[in-house]
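Just add 4 to wherever you are in the sequence shown, counting from 1, and you've got this note's numbering. Taking it in order: structure first as structure tokens, then the write-up.
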Amino acid sequence: MPESPRRRRLRASALLAALTLPGLGAGCGGSSGPTTLTVLAGSSLTEVFGEIGTAYHQDNPGVRLRFVFGAAPEIADRLSEHDPGDVLVTADRTSMNEAGEYLTGRRRIIAQDSLTIAVGPGNPRRIRGLRDLTRPGLRVVVGAGSVPVGRYTRQVLAKAGLTVRWSSEEIGARAVLDRIRSGEADAGLVYITDLRSAGIAASSVPIPADQNVTVAFPAAALRDGDHKDAANAFLSWLLTPDAQKLFNKYGFVTPSAPQ
């Protein structure tokens with residue numbers, strides 16, 4: 005019986021993790037020290053934000069960056085806390101809209117991506133494209149319909165005119181990828197950047213451009229944050245050439261239009 009999204013969410017709750025740049029501490033900042041910005045972001049941004057955080061601190065030594073990563077439901081739970089943070093970055097506009105009551109100021113698309121089919125190393129099931137995901141007996145995992153990667157996956161399958169019977173729904177792209185890497189599943193749709201983070205633990209089957217979607221990563225300042233000016237400065241910096249070079253390094257695409 006397919007595992008429910010709720011059960012998967014509970015099992016993966018330990019994935020929610022905070023990362024403060026080495027040597028920067030995790031204090032709240034103030035007149036006696038640097039300002040600390042807490043950035044809530046999807047797990048798919050873990051690697052690139054690690055490097056972006058270091059680069060930003062070099063340019064702005066008076067600002068600490070503390071990243072809190074997790075799947076969309078975990079980030080949503082964090083938003084309901086009294087002091088959730090200063091900046092929110094999600095993997096689609098729907099998630100950002102759902103968090104609207106917690107936001108202030110304009111929203112900016114800071115990076116783009118697309119989907120690919122993740123399969124086991126060397127593609128042992130010889131999957132050649134989306135249509136192969138309809139094969140009987142193939143263990144396919146997808147993101148739940150309530151999370152960004154799940155919504156994108158359903159858009160891709162609809163564009164291809166396919167009905168796929170999946171074996172489980174996951175709380176995020178990293179959870180889908182984990183099922184492939186562990187051998188619990190044969191295939192699943194993830195972000196291209198997530199697939200790259202797996203290294204040799206997974207292989208990729210490309211999705212044609214006419215069947216793919218554009219994954220947008222919007223960002224905004226949080227309404228109850230204590231450092232709105234610093235938060236907006238960081239958001240503006242994320243669209244600079246220096247920041248975009250780092251996004252590109254990890255496989256993300258520069259937004260196609262000014263934000």
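Idealized CB from N, CA, C, for every residue including glycine.
Taking the CB atoms as reference points, tell me whether residue i and residue j lie closer together than 7 Å.
i           : j           : result
residue 189 : residue 143 : yes
residue 3   : residue 250 : Outside the shown range of the chain, which is 5 to 263, sits residue 3, and nothing can be said about it.
residue 210 : residue 94  : no
residue 192 : residue 204 : no
Might you give, ordered along the chain, the residues of its own chain that have their beta carbon closer than 7 Å to the beta carbon of residue i, omitting 5 neighbours on each side?
i           : result
residue 229 : 89, 90, 235
Using alpha carbons as the reference points, say which of the options lies closest to residue i.
i           : options            : result
residue 98  : 254, 150, 63, 181  : 150
residue 77  : 64, 103, 140       : 103
residue 245 : 114, 202, 100, 209 : 114
residue 187 : 214, 126, 217      : 126
residue 68  : 205, 43, 112       : 43
According to DSSP, is residue i part of a helix, a strand, or is it coil?
i           : result
residue 221 : strand
residue 73  : strand
residue 142 : coil
residue 172 : strand
Express the C-alpha separation of residue j and residue i in angstroms, rounding to a whole number.
i           : j           : result
residue 121 : residue 161 : 12 Å
residue 148 : residue 62  : 38 Å
residue 212 : residue 134 : 9 Å
residue 28  : residue 57  : Bear in mind that the predicted position of residue 28 carries a pLDDT of just 37, short of 50, making it unreliable; the figure below should be weighed with that in mind. Their backbone Cα atoms lie some 11 Å apart in a straight line.
residue 252 : residue 258 : 7 Å
residue 178 : residue 48  : 7 Å
residue 35  : residue 70  : For residue 35, the predicted model reports a pLDDT of 47, less than 50, meaning its position is unreliable; a value from the coordinates is still stated below. So the alpha carbons of these two residues sit roughly 18 Å apart.
residue 4   : residue 79  : Residue numbering for the chain in the displayed model covers 5 to 263; residue 4 lies beyond these limits and cannot be assessed.
residue 233 : residue 108 : 12 Å
Is residue i close to the ligand SAM? I mean its beta-carbon at under 6 Å from any heavy atom of the ligand.
i           : result
residue 112 : Among the components modelled here there is no ligand, and therefore nothing to report on the ligand SAM.
Residues in the same chain with beta-carbon distance under 8 Å from residue i, minus the five sequence neighbours each way, listed in chain order, please.
i           : result
residue 255 : 117, 196, 197, 200
Please work out which residues of its chain come closer than 6 Å, Cβ to Cβ, to residue i, disregarding the five sequence neighbours upstream and downstream, and give them in chain order.
i           : result
residue 224 : 92, 107, 111
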